[in-house]
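Q:
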Amino acid sequence: MEKALIDFSAGRVIQPVRSIISVDVAPATGFLGLMPALTPDGLGLKAVTFYPSNSDRGIPTHMATIFLVDRHTGTPLAIMDGRLITEMRTAAVSAAATKLLAAPDAKILAILGSGVQARSHVEALRLVRSFQEIRVWSPTFERAKQFAEEVGGTALSAEQAVRDADVIVTVTSSKTPVLKGAWLKPGCHVNAIGACRPDWRELDDEAMSNVVFVDSREGAMKESGDVLLSGAKIYAELGELLARKVPARTGETTIFKSLGMAAEDIAAAMLVYRAVATEN
Numbered sequence: 058m059e060k061a062l063i064d065f066s067a068g069r070v071i072q073p074v075r076s077i078i079s080v081d082v083a084p085a086t087g088f089l090g091l092m093p094a095l096t097p098d099g100l101g102l103k104a105v106t107f108y109p110s111n112s113d114r115g116i117p118t119h120m121a122t123i124f125l126v127d128r129h130t131g132t133p134l135a136i137m138d139g140r141l142i143t144e145m146r147t148a149a150v151s152a153a154a155t156k157l158l159a160a161p162d163a164k165i166l167a168i169l170g171s172g173v174q175a176r177s178h179v180e181a182l183r184l185v186r187s188f189q190e191i192r193v194w195s196p197t198f199e200r201a202k203q204f205a206e207e208v209g210g211t212a213l214s215a216e217q218a219v220r221d222a223d224v225i226v227t228v229t230s231s232k233t234p235v236l237k238g239a240w241l242k243p244g245c246h247v248n249a250i251g252a253c254r255p256d257w258r259e260l261d262d263e264a265m266s267n268v269v270f271v272d273s274r275e276g277a278m279k280e281s282g283d284v285l286l287s288g289a290k291i292y293a294e295l296g297e298l299l300a301r302k303v304p305a306r307t308g309e310t311t312i313f314k315s316l317g318m319a320a321e322d323i324a325a326a327m328l329v330y331r332a333v334a335t336e337n
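Sequential numbering from 58 applies to the sequence shown in the working numbering.
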C-alpha cells in the first residue's frame, strides 16, 4: 500500500475519481462505485456496492468485485471477490499513516464503529503500535460490547473512548459527525474512514481544523464531506509524506481522511493474483 500511494502521488498512476450511481430501491438505499486504474503494477477495475441497511439483514454493507487485465495486451487475467481485499487494504493504508503520524509510544486506541473495518483496523494497527488499551464505541451498544470483547477492549461512550486516546479510528456509516474536535488529545492521530460522500460527515469542523492528510486531493475535493463541508485545508497526500516530500508535522494533531483508491485495490489484487499464479 505504501508503494501504491507513493506511485499515485508521484503521477505514475492513471486513475479517475470513482464513478458513482446512487440506488434508491425501497426500502433500501445505496450506491454502486466503479474504480478503474492503470498502475506500474497492473491494470483493472473494482466495482463496489455500499448498502448501509445490509447490516440489519446480516450481510455485508460493502461488496466488491475486482477485474484484472494484462496491462500490455488487455488480456483478462482474473475476476476475484473484492470484499476482503477492500477491508484489508483500507486498514493497511491506515496503518501506514499511523506508522508515520502517531506518537511512537501510542498506547490507547479508540475505535468508533464495530463492523468489518473496525476489526481489520484493530488487526492492522496492532502491527505498527503496541496498544495497551482499546476503547470501542458504536451507535448500538450491544454491538460495541460484543466487538470490544472480541478484541480485548472496553465499550464506552464516544467521548469517553476518544478522551486521551493516542490513535482514533472512525469507521461508521454515519452521515453526521460522531467525533468532536474538543475531545481530541493534542498530538493524537485520527484515521477517518467513513463518510465517503460529499454530504456525509464523521468529524466536526474543530476536528477538521487540524493537520489534514488525504489519499487523493482530487478525490477528497469531490467526495469527502468532512473536507468539503468544513472548508478544511489539505496539508498533503499520504503518498507525498511516504516519499518524504513534506514534513510529518510531528507532535501536532493529525487527521488522515481515507476515501480508498483503485490503485490500492489493483496493488492488493495483484498480490493475490501473483500468489495464485505461483502456486499453479
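We put the beta carbon where it would ideally sit given N, CA and C, even for glycine. All figures in this text were calculated on a predicted structure; none of them were measured in a lab.
For A152 versus L182, is the C-beta distance shorter than 8 Å?
A: Locating residue 152 in the sequence shown gives position 95, where the first residue counts as 1. Locating residue 182 in the sequence shown gives position 125, where the first residue counts as 1. Yes, these two residues count as a Cβ contact at 8 Å.
Q: Kindly give me the distance between the Cβ atoms of V179 and I191, rounded to whole angstroms, as I take these residues to be in contact under 8 Å.
A: The count along the sequence shown starts at 1 and reaches residue 179 at position 122. The count along the sequence shown starts at 1 and reaches residue 191 at position 134. 7 Å between Cβ atoms; contact.
Q: For V284 versus T311, is the C-beta spacing smaller than 8 Å?
A: What you label residue 284 is simply residue 227 of the sequence shown in a count that begins at 1. What you label residue 311 is simply residue 254 of the sequence shown in a count that begins at 1. No, Cβ-Cβ distance for V284 and T311 is not below 8 Å.
Q: Keeping to the same chain, check which residues put their C-beta closer than 8 Å to that of V228; ignore five residues upstream and five downstream.
A: Within the sequence shown, residue 228 is the residue found at index 171, counting from 1. Same-chain partners within the cutoff: I168, L169, G170, G172, Q174, A175, H178, I250, G251.
Q: Which residues share a DSSP beta bridge with L116?
A: By 1-based counting over the sequence shown, the position of residue 116 is 59. One point to set straight first is that residue 116 is Ile, not Leu, in the sequence displayed. BP columns for I116 are empty, so no partner.
Q: Hey, how far is the Cα of Y292 from the Cα of E336?
A: Stepping through the sequence shown from its first residue, residue 292 is reached at position 235. Stepping through the sequence shown from its first residue, residue 336 is reached at position 279. Their backbone Cα atoms lie some 43 Å apart in a straight line.
Q: In terms of alpha-carbon separation, which member of P133, S76, G131, A94 lies closest to T106?
A: For the purposes of this step, residue 106 is taken as the residue at position 49 of the sequence shown. Of the listed residues, the one whose Cα sits closest to T106 is S76.
Q: Taking C-alpha atoms, which residue in V247, Q72, A160, L241 lies nearest to T307?
A: Along the sequence shown, read from residue 1 onward, the residue named residue 307 stands at position 250. Considering only alpha carbons, the answer is A160.
Q: List, from N- to C-terminal side, the beta strand (DSSP E) runs of 3 residues or more that fit wholly inside the region 235-303.
A: For the region 235-303, whole beta strand (DSSP E) runs of length 3 or above, ordered along the chain, are 246-249, 268-271, 291-294.
Q: Nearest-angstrom Cα distance between D98 and V329?
A: Residue mapping note: residue 98 aligns to position 41 of the sequence shown, counting from 1. Residue mapping note: residue 329 aligns to position 272 of the sequence shown, counting from 1. C-alpha separation (whole angstroms): 13 Å.
Q: Between which residues of its own chain and K202 is the CB-CB distance below 7 Å, once the five residues before and five after are set aside?
A: Residue 202 sits at position 145 when you count from the first residue of the sequence shown. Excluding positions up to five away in sequence, the list reads A212.
Q: In terms of alpha-carbon separation, which member of R331, D127, M145, V226 lies closest to I165?
A: Position 108 of the sequence shown, counting from 1, holds the residue named residue 165. With distances taken between Cα atoms, I165 lies closest to V226.
Q: Quick check: the Cα distance between L100 and E59, rounded to an integer number of angstroms?
A: The residue labelled residue 100 in the question sits at position 43 within the sequence shown. The residue labelled residue 59 in the question sits at position 2 within the sequence shown. Those two C-alpha atoms are separated by around 18 Å.
Q: State the CB to CB distance for the pair L62 and D272, rounded to an integer number of angstroms; the pair is presumed to be in contact (CB under 8 Å).
A: Reading the sequence shown from its first residue, position 5 is the one you call residue 62. Reading the sequence shown from its first residue, position 215 is the one you call residue 272. With a Cβ gap of about 7 Å, L62 and D272 count as contacting.
Q: Report the option in A334, V193, E216 whose CA atom is closest to the CA atom of A205.
A: As a first step, residue 205 must be located in the sequence shown, where it is residue number 148. Residue V193 is the option with its Cα nearest to A205.
Q: Are there 16 or more other CB atoms within 10 angstroms of the CB of R301, so buried, or fewer, so exposed?
A: In the sequence shown, residue 301 corresponds to position 244, counting from 1. R301 should be labelled exposed.
Q: Thinking C-alpha only, which one of A325, A334, R331 is nearest M145?
A: Walking along the sequence shown from the start, residue 145 turns up at place 88. Measuring from the Cα of M145, the nearest candidate turns out to be A325.
Q: Consult DSSP for D64 and reduce its assignment to one of helix, strand or coil.
A: As a working mapping, residue 64 is identified with position 7 in the sequence shown. Reduced to three states, the DSSP call for D64 is helix.
Q: Return the CA-CA distance between D221 and A215, expressed in angstroms with no decimal places.
A: Your numbering for residue 221 matches position 164 in the sequence shown. Your numbering for residue 215 matches position 158 in the sequence shown. Roughly 12 Å separates the two Cα atoms.
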